[in-house]
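Peer 1: One rule links them: number in our numbering = place in the sequence shown (from 1) + 22. The C-beta atom is built at its ideal place from N, Cα and C for all residues, glycine as well. Quantities reported herein were computed from a predicted structural model and do not represent experimental measurements.
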Amino acid sequence: MREQKRLFFGLELPQQCRQELIAWRAATFPAEAGQPMAADSLHLTLAFLGEVSEEKTRALMQQAGRIAQPGFTLTLDDAGHWPRSGVIWLGPRQAPRGLLQLAALLRSQAARSGCYQTPLPFHPHVTLLRQALQPVSLPPRNFCWSFPVERFVLFQSQFSRGRTRYQALAEWALR
Ligand code: 2AM
Numbered sequence: 023m024r025e026q027k028r029l030f031f032g033l034e035l036p037q038q039c040r041q042e043l044i045a046w047r048a049a050t051f052p053a054e055a056g057q058p059m060a061a062d063s064l065h066l067t068l069a070f071l072g073e074v075s076e077e078k079t080r081a082l083m084q085q086a087g088r089i090a091q092p093g094f095t096l097t098l099d100d101a102g103h104w105p106r107s108g109v110i111w112l113g114p115r116q117a118p119r120g121l122l123q124l125a126a127l128l129r130s131q132a133a134r135s136g137c138y139q140t141p142l143p144f145h146p147h148v149t150l151l152r153q154a155l156q157p158v159s160l161p162p163r164n165f166c167w168s169f170p171v172e173r174f175v176l177f178q179s180q181f182s183r184g185r186t187r188y189q190a191l192a193e194w195a196l197r
C-alpha cells in the first residue's frame, strides 16, 4: 500500500503568544474542563486534507506555492465551547478578510485535488482544550492576543506515544 500522511494547512502562533495562552488557560479553566493542548501544538487550521498520498501532497504543495496574497493581522478575542466535539477554542470575533481568503483558496484547491472538504462554513479557531464534554463557563471576553501572520504551513499530524503531534513539513510566505 502507498504511504499516506494525515495533513492539513494551518497557521502557527508566535511562541510568546503560545506561552501567554497556556498561562491564561491554566488560570481560566479548571483542570477537569478538558485535556489541554500542548503549547507547541497550538495552531489554527486553514484546510484539513485527511490522509494524502505523496503524489497528491506534491500537487497540493505546488498549488499552495502559487498563492500570492499579503499577510494580515490575526486577533484572538473570542472563545467558545463545542460540547459535541469536546473542543474549547479561541478565535477572532471578526475574521480578517485575508484569513478567509487564504482558507477559501486552500480549501478549494484541496477539494479540486480530491480531498474531502466539509460543507460546514469555515470557523477559524485555535483549539485550547479537547475532551471538554461537560458544560463549562466561558470567561468574560476581556482578553485579546493579536499578531501578524506572514506565512502559512503544511502540517503532518502524527499520533505517537499517546499524543498527537503536529510537524511542519513546508511553509509559504504571504506577501
Ligand atoms: P480541531 O482542532 O477543531 O479538532 C489537525 O487534526 C487539525 O485539523 C485540527 O485543528 C482539527 O481541528 C482539524 N481537523 C481534524 N479533522 C477535521 C475535519 N474532518 N475537518 C476539518 N478539520 C479537521
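Could you check what DSSP says for R115 in three-state terms: helix, strand or coil?
Peer 2: Three-state DSSP puts R115 in coil, outside helix and strand.
Peer 1: Output the residues surrounding the ligand 2AM, defined as those with a CB atom closer than 6 Å to any ligand heavy atom, in chain order.
Peer 2: Taken from the N-terminal end onward, the list reads F30, T67, F70, V109, T140, T149 and S179.
Peer 1: Between F70, C137, G72 and P157, which lies nearest to H103 when the distance is taken from Cα to Cα?
Peer 2: Here the closest residue by C-alpha is P157.
Peer 1: Taking only runs that begin and end inside the region 61-106, name each unbroken beta strand (DSSP E) of 3 or more residues, in chain order.
Peer 2: List check, beta strand (DSSP E) in window: 65-75, 94-98 and 100-104.
Peer 1: Check this for me: beta carbons of F169 and P52, under 7 Å apart or not?
Peer 2: Cβ distance not < 7 Å, so F169 and P52 don't count as in contact.
Peer 1: When burial is assigned at 16 or more other CB atoms within 10 Å of the CB, is L122 buried or exposed?
Peer 2: L122 should be labelled exposed.
Peer 1: According to DSSP, which residues form a beta bridge with E25?
Peer 2: Answer is none; E25 lacks a bridge partner.
Peer 1: Can you tell me the Cβ-Cβ gap for P118 and T95, rounded? I've got them flagged as a contact below 8 Å.
Peer 2: About 6 Å; that satisfies the 8 Å criterion.
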